[in-house]
Amino acid sequence: FRSADIHYYRNGHLQVYESAEGVEAGKISIAEQQALGLEIELVEGAALRELAPGISPHVIAGRYTSNDGHADPKRTTQAFANAAERAGADIQEGIEVVRLLTDGDRVIGVETQTDKIMADHVILATGAWTRDLVLPLGVALPLQVHGLQMILTKPMPANLLQVVGAWGRKLSLKQLREGNYLIGGGWP
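Heads up: the sequence shown at position 109 corresponds to 109 in our numbering, and the numbers run straight through without jumps.
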């Protein structure tokens with residue numbers, strides 16, 4: 001897994017504040033996280049502009065974690081899958097699981113639309129569908145489905161090192177290896 005190219009970057013995370021209210025909330029958050037041992041700081045003025053030269057003039061401060069990072073989720077998932085297969089896992093994609101098979105309180109396999117697959121271990125990686133699969137077993141997971149949005153730009157010259165978010169806004173921005181900007185949002 002360590003040799004997989006997952007486009008991992010450890011260039012920090014910057015959450016920006018556009019108001020005094022945001023800065024005050026940021027100071028509280030920073031203190032709480034520092035108490036837990038996280039290396040995080042408030043950056044303002046020249047330090048903020050040096051860190052993120054293209055930041056808008058109306059941004060007054062930021063919460064910065066220098067050792068934060070991000071990776072390409074698709075590549076990371078594939079790297080985990082490849083490592084699991086090398087360790088003996090049988091990964092089957094494109095198959096709809098309609099029911100979990102149990103023996104007492106133990107899951108022993110899955111039923112698909114066409115087959116039953118028995119296994120010593122079952123990893124339930126079904127995302128939004130997990131709640132419906134475990135409900136018949138008496139497990140009520142507090143999952144809700146939310147539609148998120150992503151926008152990917154055309155490649156541009158390298159300009160942004162950190163992942164950037166904004167206090168009070170449900171958006172994030174990062175520049176990928178190829179130069180594309182990935183803008184995400186819609187979190188509940």
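A virtual CB, placed ideally from N, CA and C, is assigned to each residue, including glycine.
Could you work out which residue in the options is closest to residue i when comparing CA atoms only?
i, options, result
"Ala46", "Gln33, Gly62, Ala79 and Leu143", "Gly62"
"Asp103", "Val122, Leu51 and Glu96", "Val122"
"Ser19", "His58, Gln92 and Leu38", "His58"
"Leu38", "Pro142, Leu48, Ser66 and Phe80", "Ser66"
"Gln15", "Tyr8, Ser3, Glu111 and Ser29", "Ser29"
"Ser56", "Ala35, Glu21, Tyr17 and Pro73", "Tyr17"
"Leu173", "Ala35, Glu32 and Gly54", "Gly54"
"Arg189", "Ala81, Val139, Asn82 and Phe80", "Lying before the first or after the last residue shown, residue 189 is absent from the chain, which here runs from 1 to 188."
Less than 8 angstroms between the beta carbons of residue i and residue j, yes or no?
i, j, result
"Asn11", "Gly94", "no"
"Ile183", "Ile151", "yes"
"Arg75", "Asp5", "yes"
"Leu137", "Thr126", "no"
"Gln78", "Val98", "no"
"Leu160", "Gln149", "no"
"Ala52", "Gln162", "yes"
"Glu111", "Leu101", "yes"
"Ile60", "Glu50", "no"
Closer than 6 angstroms by C-beta to residue i: which residues in its own chain qualify, once you throw out the five before and the five after it? Chain order, please.
i, result
"Glu41", "Tyr64"
"Glu178", "Pro155"
"Thr153", "Asn180 and Tyr181"
"Leu171", "Gly185"
"Leu48", "Gly62"
"Ala89", "none"
"Ala119", "Gly109"
"Ala81", "Ile91"
Return the chain-ordered list of same chain residues with a C-beta closer than 8 angstroms to the C-beta of residue i, the five sequence neighbours on each side being excluded.
i, result
"Ala84", "Ile91"
"His7", "Ala71, Asp72, Arg75, Leu176 and Arg177"
"Ala158", "Gln175 and Gly179"
Could you pull out every residue in the same chain whose Cβ sits closer than 7 angstroms to the Cβ of residue i, ignoring the five residues on either side in sequence?
i, result
"Val145", "Ala128"
"Arg131", "Leu141 and Leu143"
Taking only beta-carbon atoms, is residue i less than 8 angstroms away from chain C?
i, result
"Leu143", "Structure shown: chain C not included; a single protein chain is present."
In chain order, what are the residue ranges of uninterrupted beta strand (DSSP E) at least 3 long that sit wholly in the region 56–119?
61–65, 97–103, 106–112 and 116–118, all fully within the region 56–119.
Looking at C-beta atoms only, is the number of pairs between the region 165–177 and the region 8–28 that lie closer than 8 angstroms three or more?
Per the Cβ contact rule, the region 165–177 is in contact with the region 8–28 (3 or more Cβ pairs under 8 angstroms).
Quick check for students: name the residue ranges of the beta strand (DSSP E) that lie wholly in the region 136–186, counting only runs of 3 or more.
Entirely contained in the region 136–186, the beta strand (DSSP E) runs reaching 3 residues are, in chain order, 149–152, 163–166, 171–175 and 181–185.
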